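Below is one structure, written out as structure tokens; comments come after it.
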Amino acid sequence: MIVVATLEITSYIHWASEKRAVRIIMNCPDESDVKAMCVWKKRNQPVQQQAEYWRELRGRMDKVGPILRYIFDEGNCNARIDGCHSFVAWTASWEIQRYLGFGTSKLWEGNKALEYLARIVRVRGERNGESPFNAPMTAHLASEPLCMLAQLMTQAEFNLFVSRIGDHLIYANFLGGAPCLHF
């Protein structure tokens, strides 16, 4: 039996303890998965319309990530982007610990920053073992919290945070997203 748990996992934990379930972390769908869904959804339309539909969805994916419930509807996509930006804008200096889950394998329980802005990716470690890693959802969504953290953290804390995140946030801030002026 396969159970896909929501972000609120308290009921899952109870069920899992009764059934002796094993937790499996799955990657978010990637670009090729979404492209295949687009082709299937528009399979009876001309190739040009299929390509235009894919470009539209890819643009949304670049902003909110490959979250299927947001990329297939423009209104949901815009609401998600606005919600993420509002969440970051309302973060107070004492709440920066919410963002320290980036670059770790900590569970998301009760961490709204990770629920809004992160995705789980599997990272292969020593002896081919895999572990979950909280990476930024997209470059678009990563740049704003990174700029905010640069203002709220000391330079040493910020440098340590960025070094732990590694390539994910560096790419997001300098190559993919809108760069902030605090560096």
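Take 1 as the starting number for the sequence shown in the UniProt record's numbering and just add one per residue. Here a beta-carbon is modelled for each residue, glycine too, at the ideal position from N, C-alpha and C. The model shown is predicted, which means the values in this text are computed figures rather than measured ones.
Looking at the DSSP output, R119 bridges to A135. By the 16-neighbour rule on beta-carbons within 10 angstroms, S86 is exposed. Cβ contact annotation for T138 (same chain, cutoff 7 Å, sequence separation greater than five): D62, K63, V64, G65, in chain order. Within the model, the alpha-carbon separation for D73 versus P46 is close to 21 Å. In the structure shown, E130 falls within a strand segment according to DSSP collapsed to helix, strand and coil.
Of A16, A150, C28, the smallest CA-CA separation from S93 is found for A150. Assignment of R20 by DSSP, reduced to helix, strand and coil, places it in the coil class.
Judged by pairs of C-beta atoms under 8 Å, the segment 101-120 touches the segment 129-136, as three or more such pairs exist. C-alpha of S17 to C-alpha of K106: approximately 20 Å in a straight line. Residue nearest to N78 within the set W90, V162, L57, R98 is L57 (criterion: CA-CA distance). Residue nearest to A36 within the set E109, L160, L68 is L68 (criterion: CA-CA distance). The DSSP assignment places complete beta strand (DSSP E) segments of no fewer than 3 residues inside the segment 66-127 at 118-124, in order along the chain. V34 is a Cβ neighbour of I71, given a cutoff of 8 Å. Straight through space, the alpha carbons of L100 and G83 are spaced by roughly 20 Å. Excluding sequence positions up to five before and after N76, its CB lies within less than 7 Å of the CB of R69, Y70, all in the same chain and listed in chain order. Less than 8 Å separates the beta-carbon of T91 from that of M148. When the five nearest sequence neighbours on each side are left out, the beta carbons in the same chain lying within less than 6 Å of the beta carbon of E144 are those of V88, in order along the chain. Around the beta carbon of L146, a 10 Å sphere encloses 16 or more other beta carbons of the protein chains shown; the residue is thus reported as buried.
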